[in-house]
Each structure stands twice: as structure tokens, then as C-alpha cells.
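Asker: My structure is below; once you've seen it, I'll send some questions.
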Ligand SMILES: Cc1ncc(C[n+]2csc(CCOP(=O)(O)OP(=O)(O)O)c2C)c(N)n1
Ligand SMILES: [Mg+2]
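In this note's numbering, the protein residues as written are 10 to 818.
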């Protein structure tokens, strides 16, 4: 002892490796045991396989050890491939950030999720993963957002910049969104990203084709990435350096992935047979192979770069020395490494048998009954290991409050600046959106702070969704200053698009998944980078579908953003069926943590836009509520239109508008009929209503601004009623209450009729639901509304039908 205390003394490099190997073995055990425990030890009530991915975990244990216990720093943000979730939680356990008790709850109700989840697993998860490819891309866009925040000096003082690291399953690279992100990342000169590919050459079903990675490697290089291939570990490299070693290397290089996997599974004797059959006569090869036992030979052949901590650490340190250069590591691994099914092509969801787990446990020196114990069987004195774990750089707290940061809310003035419309001038919700945002963009008075925190983004539809005037005022974000060539040359253009770090619009290429991933990263800026942004993304409504999984992913992460989708429905008329959205109102109803609205008039839009900017910042909801209920915050979605409508001169029922609907003309008590309309079909509903009223003077006209909010409120009140008496009626129940029990409702929207036809279930009233349930086509609005039954005549027909029914009752 040299007098230094254990806690401050740095272990020698050799001892450090021993400690890391002990951690690696512990993580392999704990991840396998967590899954085994969930499947075979915990009581199973329904007979369903619980599942888990022991082989996927084993594949990346060494990579994660080298990252978390050596390379990572506290400010780094990590996306761990979904199926390595148990390793991630075991790591947190070793770092004192996860309890032993919780490790035993993997896949149980209320317990650790199968795949790392920010919302459900808590603060240690930086980036959720599950839908393969998305977490990887988010790592890149997180880097973009970190730059955005730091270049504008919005980040808390003293908070260091982090690197974004994704641990990527090799099959994730089949997902197209990866390449979309790679291209977009190149355009934005994204820095400080590492993607570490766990290249086990296996996906779920099979062994991935040889040669593919040569192509993929080239793609990364073309995008300006540094590519580091970690094929062989130190022991194999040493063998290659001996006489005959070159022949051995060549053989391995030429070995098809599937044969390598099969030999790995079969073990040492099979390796020897195969190697001797082909290389037995090569000088020197026998001298390498013969002294090794079967087990030693298998260990040598399995010594791939991705399983060699030393190789991994070296590679990470070298890349670190390159600074912020984006780097892709292709780490060769074996799926199931160290477990009985290592290399078997069917091992993805394979689980060790009880006997195999018992044997594995014994081989690690772990006694029965001590399976969860951190220091059991590690072969290192506990105090030394504790001291080492305490010294891990990543274990230093990022802030006194942990890894999840926060940022104060941005004041949203009570009213947004709505440009005065000339009397009688028609306007659309899309045009009004562009005008309001441009007004905010002036950044005057109480709008200065709001204007500074809004950040817009759009996948090549900035101009056609009316963001142009805002962008002219606030500029385009770029890490580098780039002039607007047209402006410099004094060429006339409506768009003045200078690019600079001050810019507040992130212009994207046409890839809607990127839009939602960028919105997600922007919408987490408060929690990841300590600066609150108010992201607004615009896209054509039908193409929400193109990015839908990324939108769902963003909501699952509880990222907070405003989606503005426009134009929508048949109402965009001449553009035809592929541009005319039908299903989006249903998505709005079904998507949790996303409050979806469709205003018809500019005054509604102004109220809803203001509400969205405020509610995006509100705290989380209670567990069990749908996103955005009862004061809880969530992301928002406005579905807009290009149809110009004459604007009503009125005092708007703002609360009703936000709650999802209000009576334009309230029904008389006991009325037999009402018309409920949503969005730009308002004029048809108004016209039909005037005709109807001549016969049914008590009829009501209901403006629906959000079937989603109405439905969510109704569901919440049903849940409350199940819990006990005195549940307050929901907004839709209160709205429909004045109508006679047997009254008829005619609902109409430019979207799927099922978005509103559930109104009939609220109080048992009969509904005639008008809407679109087939592909649209080119045409003008009168032709399309007639053909698809959205015109005045169709509404009146529907009224007649429900009235006949109402008479019968
Ligand atoms: C978008 C999506 N499609 C399909 C799946 C189902 N799935 C889960 S893992 C997997 C294959 C994963 O292979 P790889 O990424 O190579 O992971 P590893 O071999 O490390 O387990 C598939 C198809 C998924 N999770 N997400
Ligand atoms: Mg794989």
C-alpha cells in the first residue's frame, strides 16, 4: 500500500481490465438472471411466455461495459438498443441508480419495461427505444438540438455538452429511417454522435447477408462519418501475428456469417475440425491450434472486437481524441456470447433452461439464493470494486438533481396577435396560422420571449404550409453562417432565407420520420439540455401517416411539441386522392399524449394555438389519464385547411372550444335533432341548419373542435364512474344533455365518419354520420362534397332520416 486510500487510488491498467471483466461477467449474469427470474421464478398467472432476450443482451455486454464504465461522461445521452434493456438496468444497479428489488420486476405490471422507456422506467433512460431504428436516429437529432440550444446560449451555465451515443442492433440498419437521419444529419453538419453497431450478424429471424456491411460502411464514410471496424480482439490479433496467423485471418475473413455462427454454437471441437480441414497444411497453423484445448480454441475464435474490452476501450479513446467527429463503430460480436445458445441462428428469443441457468450460475461462482447479490462471485474484493464503481466517470452526477434537467416555463400571453381581417374577407385556418405566427415573429413587447423560444421545422413544406413569413422574420438555423444568395444578388423572392446559428427554423428534406424525430428531440430540450423550446412542426395532413411511428414514438417519450398538419381532407380538392387525408382524425383520437384539434375559423385557431403553446409546457398527467386531461400537459396537433371561409363576428366560447366543442346555436330543451360539424365543412352545416330550423325550431348546431378531447373526457368520466359514484359528467355528456333522449344527431366532418359517430353511444341517441370513408380524387369542392356526401343536400337527407327514427320512438 502506498498510503493512498482505496477510493482515490487509480488501479493500474491491468487491474482496471480485471475489474471491467468482473463487471462484464456480472452484467451478463444479471441480465440473463433478470429474464430467467421473470420467466421461471416469478409466479405466472396466465400461462403466457413472459419472454426476454438473453442472447441480445449477451451480445452487447462488453460494449456496454466499455462505454458505461470507461468511455461515457455524465452529460452524454445514450440510446441503448431495445433488447439490451436488462443490461442497461443492471448497469444502473451497479452504479447505485437502480434497486435490486426493481430488477426483479422486469416485464411485471408496474415494473421495469422490456425496452428502456423514459416515461415508465424513469430518469436514467435518456432515449427510449423499442421500435427499432428510431432511438438511433434520435441520438443524431438530439445532437442537433444540443447545438441549437448551446449556440443560442440557452443552456444552463456550466452544463457541459454531451456526446450522443446509440448502441445499435445490426438489423436496425435495415430500417430506412436510419438513412434518412444519416442524410439529414450530414446536411446539418451534426457533430458529437457515436453509433456503436452490435454487429452480431443476426436479426430476429436469421443471419444477415455477408457483404452487406461493406456497403453500409461506405455509406457512413460518404456522409462524412469516421468508421471504426472492430473485428478482432487482442488474442486473435496476437494469433494472426504468429507464423500461419495470416492464413487463419484470411480464413476467418472469408468465412460466411452463417458458418461462423454455426461453428460458434457447436464449440471447440467443431472449430478444430473445420480449421484443420481447410488450414491443416498451412505452415504454422497447427502450432497455433494444437496447444489449445477445445474450450480455449472456442474462446480464441470468439475473441471478436466487440467482446474485447481492451479493444473497445482503445477504440473509444481514439475516437474521443478526434473530438466531435461523428463516428460509427462496427463491433463484431456473437449473439448469445458466453451462453449455451451462442451463435445459434434461432436464439433471438431463446431462453436458457433451468438446468442451463443452474450450470451458468455455478460456473460464475454464484451461490444459490444469492443470485441478485452485486458482489457475489466477482473474484474482486468488495471494497476495491466499490471504490472502482464510485470512480466511474459516468457515475458523477450531471446535476444535483440527476440526469433529468428542467427549465422554467415560457410565458404565453393571454391572447395571440390575430391580424385584423377586412370585413367580409374569407380566410382559411392555414392562412390564419401563418399570419399569427408571423405576428408573433415580430417578437414585440410581451411576445419577445415567446418568439425567442418557438422553433419551427418542416420537411420541405415550409412555404406551402404558410411558415414562410415566420421564417423570413426569424431565419433558418444552421451551425454556420450562410448568406441568402438570392437576396445578396438583389433577386426578387418572397422567401428571405439566411442561415445562421441565430435562425429559428430547422429546414428538413422530405422525410416525415425525420420531422417527428426532430420535433421529439426539440420537445425534450428542457429535460435533456435544460432549455425550454416550443417546437412547431408543419406537414401536409396525409403525410402524418408517413411519419406516424416516429410521431407515436415522440408521444411515448412525452416530448412536447405542436404538430400543424395542413392542408387536410377532400377540401384541398384539386390535389387528388393521395393528398386527401381520411384517417387522421381517428389517429388524433387514438394517440395518447397528443391532444388533437380541428378548428374551422381563425378565432378558434388563435385560441387553440395559444392553448397549445401553454399546455405543451404543463406538467405530466396522472397515470391512467389520457394525455392532456385535467390540466396535464402533452403535445398538441392542429389539423388545418386551405379553404377560405367567411369569418363569424362573435364572442367565441373559448372554454368550449378548448374542451372540444360548443353550441353555435344551443338546442331547445328536449330538442329532437342537432347537427354537429367539424372543420371546413362549416358552411354546408350552417346552410343545412338554416333550412332545418324552419321545420325544427328547437334544433341545435354544435361546433366540434376536437373529437379527441371530447372522447378522452368521456372515457375519463367513465373510468371515474367505475371507481365510485359522483363522477362529474364529461363535456360531451353536458353538451348533449338538453337534447331529448331519443333525439337524432347528424355529424359531419371532412375525414372518417367514425371520428364523430360514437356521439350516439354517449346518451343512446341515433346518429347519422357523414364523412369520408373512401379514397378521394381530384375535383373542386362542390363536386367532391356532393360525391362524398358532405354537401347541404346530404346533411338534410341525413336530418330527415334521423327525424323519422326520432318520431318512431
Ligand atoms: C420497427 C420494428 N420492427 C420489428 C421489431 C421486432 N424486432 C425486434 S428485434 C428485431 C431484430 C433485431 O435484430 P438486431 O437489431 O440485429 O438486434 P440483436 O441481434 O442485437 O438482438 C426485430 C425484427 C421491432 N422491435 N421494431
Ligand atoms: Mg443483430
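All C-beta atoms, glycine included, are put in the ideal place defined by N, C-alpha and C.
Going by DSSP in three states, residue 27 sits in which element: helix, strand or coil?
Answerer: Walking along the chain shown from the start, residue 27 turns up at place 18. The answer is helix: DSSP assigns residue 27 an H, G or I state.
Asker: Cα separation between residue 478 and residue 548?
Answerer: Within the chain shown, residue 478 is the residue found at index 469, counting from 1. Within the chain shown, residue 548 is the residue found at index 539, counting from 1. Approximately 16 Å, taken between the alpha carbons.
Asker: For residue 523 and residue 809, I'd like the C-alpha separation in whole angstroms.
Answerer: Taking the first residue of the chain shown as 1, we reach residue 523 at position 514. Taking the first residue of the chain shown as 1, we reach residue 809 at position 800. Those two C-alpha atoms are separated by around 48 Å.
Asker: Verify the contact flag: residue 217, CB atom, against every heavy atom of ligand 2, threshold strictly below 8 Å.
Answerer: Translated into the one-based positions of the chain shown, residue 217 becomes position 208. For ligand 2, at least one heavy atom lies less than 8 Å from the Cβ of residue 217.
Asker: Spatial neighbours of residue 508 within its chain, please: C-beta separation below 6 Å, excluding the five flanking residues on both sides.
Answerer: The sequence position of residue 508 within the chain shown is 499, counting from 1. So the list reads 485, 487, 491, once near-sequence residues are dropped.
Asker: So is the beta-carbon of residue 68 under 8 Å away from any non-hydrogen atom of ligand 2?
Answerer: As a working mapping, residue 68 is identified with position 59 in the chain shown. Yes, the beta carbon of residue 68 sits closer than 8 Å to at least one heavy atom of ligand 2.
Asker: Is residue 180 close to ligand 2? I mean its beta-carbon at under 8 Å from any heavy atom of the ligand.
Answerer: Counting from 1 along the chain shown, the entry for residue 180 is found at position 171. The answer is yes for residue 180.
Asker: Using a Cβ-Cβ cutoff of less than 8 Å, which residues in the same chain neighbour residue 612 once the five nearest sequence positions on both sides are dropped?
Answerer: Residue numbering aside, residue 612 sits at position 603 when the chain shown is read from its first letter. Its chain contains 427, 656, 657, 659, 661 as the residues whose beta carbon lies nearer than 8 Å to that of residue 612, once the 5 sequence neighbours on both sides are disregarded; these appear in chain order.
Asker: So, using beta-carbon positions, are residue 59 and residue 176 closer together than 9 Å?
Answerer: Locating residue 59 in the chain shown gives position 50, counting from the first residue. Locating residue 176 in the chain shown gives position 167, counting from the first residue. Going by C-beta atoms, residue 59 is not nearer than 9 Å to residue 176.
Asker: Counting only the same chain and skipping the five closest in sequence on each side, list residues whose C-beta sits under 7 Å from that of residue 802.
Answerer: The sequence position of residue 802 within the chain shown is 793, counting from 1. Within the same chain, residue 802 has no close Cβ partners at all.
Asker: My assumption, with CB atoms under 8 Å, is that residue 78 sits in contact with residue 89. Please give the rounded CB distance.
Answerer: Translated into the one-based positions of the chain shown, residue 78 becomes position 69. Translated into the one-based positions of the chain shown, residue 89 becomes position 80. The pair is not a contact, with the Cβ atoms about 14 Å apart (cut-off 8 Å).
Asker: Look at the Cβ atom of residue 759, then the Cβ atom of residue 577, and state whether they are nearer than 9 Å.
Answerer: Here residue 759 is taken as the residue at index 750 of the chain shown, counted from 1. Here residue 577 is taken as the residue at index 568 of the chain shown, counted from 1. Taking 9 Å as the Cβ cut-off, residue 759 and residue 577 qualify as a contacting pair.
Asker: Taking the alpha helix (DSSP H) that residue 229 belongs to, which residues open and close that run?
Answerer: In the chain shown, the residue the question calls residue 229 occupies position 220. 221-231 is the span of the alpha helix (DSSP H), which, as asked, contains residue 229.
Asker: How about residue 76: is its Cβ closer than 8 Å to a heavy atom in ligand 3?
Answerer: This structure lacks ligand 3; its bound ligands are ligand 1 and ligand 2.
Asker: For residue 419, which residues from the same chain have a beta carbon less than 7 Å from its beta carbon, with the 5 sequence-adjacent residues on both sides left out?
Answerer: The residue you call residue 419 lines up with position 410 of the chain shown. Counting only Cβ-Cβ distances below 7 Å, and skipping sequence neighbours, we find 458, 459, 462, 541, 543, 626.
Asker: So, for residue 583: in the same chain, excluding its five sequence neighbours on each side, which residues have a beta-carbon less than 8 Å away from its beta-carbon?
Answerer: If you number the chain shown from 1, residue 583 lands on position 574. The answer, listed in chain order, is 787, 788, 789.
Asker: Report yes if the C-beta distance between residue 217 and residue 263 is below 9 Å; otherwise report no.
Answerer: The residue you call residue 217 lines up with position 208 of the chain shown. The residue you call residue 263 lines up with position 254 of the chain shown. Going by C-beta atoms, residue 217 is not nearer than 9 Å to residue 263.
Asker: For residue 310 versus residue 68, is the C-beta spacing smaller than 9 Å?
Answerer: Position 301 of the chain shown, counted from the first residue, corresponds to residue 310. Position 59 of the chain shown, counted from the first residue, corresponds to residue 68. The beta carbons of residue 310 and residue 68 sit no closer together than 9 Å.
Asker: Determine the extent of the alpha helix (DSSP H) in which residue 282 is found, giving its start and end residues.
Answerer: Numbered from 1 along the chain shown, position 273 holds the residue referred to as residue 282. Start and end: 277-288.
Asker: Can you list, in chain order, the stretches of the alpha helix (DSSP H) that have 4 or more residues and sit fully within the segment 50-123?
Answerer: Qualifying alpha helix (DSSP H) stretches, in chain order: 63-75, 94-103, 109-112.
Asker: Our contact map puts residue 64 next to residue 357 with C-beta atoms below 8 Å; I'd like the distance itself, whole angstroms only.
Answerer: In the chain shown, counting from the first residue as 1, residue 64 sits at position 55. In the chain shown, counting from the first residue as 1, residue 357 sits at position 348. Going by Cβ atoms, the distance from residue 64 to residue 357 rounds to 6 Å, so yes, they are a contact pair.
Asker: Flag residue 762 as yes when its Cβ comes closer than 8 Å to any non-hydrogen atom of ligand 1, and as no otherwise.
Answerer: Indexing the chain shown from 1 puts residue 762 at position 753. False, no ligand heavy atom lies under 8 Å from that Cβ.
Asker: Am I right that residue 535 and residue 575 are in contact with their C-beta atoms under 8 Å? What's the rounded C-beta distance?
Answerer: Numbered from its first residue, the chain shown carries residue 535 at position 526. Numbered from its first residue, the chain shown carries residue 575 at position 566. About 27 Å; that fails the 8 Å criterion.
Asker: Within 8 Å: the Cβ of residue 139 and any heavy atom of ligand 1?
Answerer: The residue given as residue 139 occupies position 130 in the chain shown. True, at least one ligand heavy atom lies under 8 Å from that Cβ.
Asker: Among the residues of its own chain, which have a CB less than 6 Å from the CB of residue 560, if the five just before and after it don't count?
Answerer: Residue mapping note: residue 560 aligns to position 551 of the chain shown, counting from 1. So the list reads 525, once near-sequence residues are dropped.
Asker: Which word fits residue 392, buried or exposed, when buried means at least 16 other C-beta atoms lie within 10 angstroms of its C-beta?
Answerer: Position 383 of the chain shown, counted from the first residue, corresponds to residue 392. Exposed, since its Cβ has fewer than 16 Cβ neighbours within 10 Å.
Asker: Residue 482 to residue 768, Cα distance in whole Å?
Answerer: Here the question's residue 482 lines up with position 473 in the chain shown. Here the question's residue 768 lines up with position 759 in the chain shown. Going from the Cα of residue 482 to the Cα of residue 768 covers about 44 Å.
Asker: Where residue 321 and residue 29 are concerned, what is the direct C-alpha to C-alpha distance, given to the nearest angstrom?
Answerer: Taking the first residue of the chain shown as position 1, residue 321 is located at position 312. Taking the first residue of the chain shown as position 1, residue 29 is located at position 20. Looking at the two C-alpha atoms, the distance is approximately 12 Å.
Asker: Among the residues of its own chain, which have a CB less than 8 Å from the CB of residue 595, if the five just before and after it don't count?
Answerer: Taking the first residue of the chain shown as position 1, residue 595 is located at position 586. Once the five neighbours on either side are set aside, the close Cβ partners of residue 595 are 760, 761, 763, 764.
Asker: My output table needs one value for residue 32: the three-state DSSP class, helix, strand or coil.
Answerer: Within the chain shown, numbered from 1, the residue matching residue 32 stands at position 23. It is helical.
Asker: Measuring CB to CB, does residue 202 end up less than 9 Å from residue 340?
Answerer: Within the chain shown, residue 202 is the residue found at index 193, counting from 1. Within the chain shown, residue 340 is the residue found at index 331, counting from 1. No; because the gap between Cβ atoms is not below 9 Å, this pair is not in contact.
Asker: What does DSSP give as the partner residues of residue 517 in its beta bridges?
Answerer: As a position in the chain shown, residue 517 is number 508, starting the count at 1. DSSP output for residue 517 lists 468 as bridge partner(s).
Asker: How far does the alpha helix (DSSP H) with residue 400 in it extend, from its first residue to its last?
Answerer: Against the chain shown, residue 400 aligns to sequence position 391. Where residue 400 is concerned, the enclosing alpha helix (DSSP H) stretches over 391-400.
Asker: Is residue 799 helix, strand or coil when you go by DSSP?
Answerer: As a working note, residue 799 is residue 790 in the chain shown. Of the three classes helix, strand and coil, the one that applies to residue 799 here is coil, per DSSP.
Asker: Drop a sphere of 10 angstroms on the beta-carbon of residue 117, count the other beta-carbons inside from all chains shown, and report buried for 16 or more, exposed for fewer.
Answerer: Indexing the chain shown from 1 puts residue 117 at position 108. Exposed: under 16 other Cβ atoms inside 10 Å.
Asker: Examine ligand 1 and report whether any of its heavy atoms sits within less than 8 Å of the Cβ of residue 133.
Answerer: On the chain shown, position 124 is the one that residue 133 refers to. No, the Cβ of residue 133 stays beyond 8 Å of every heavy atom of ligand 1.
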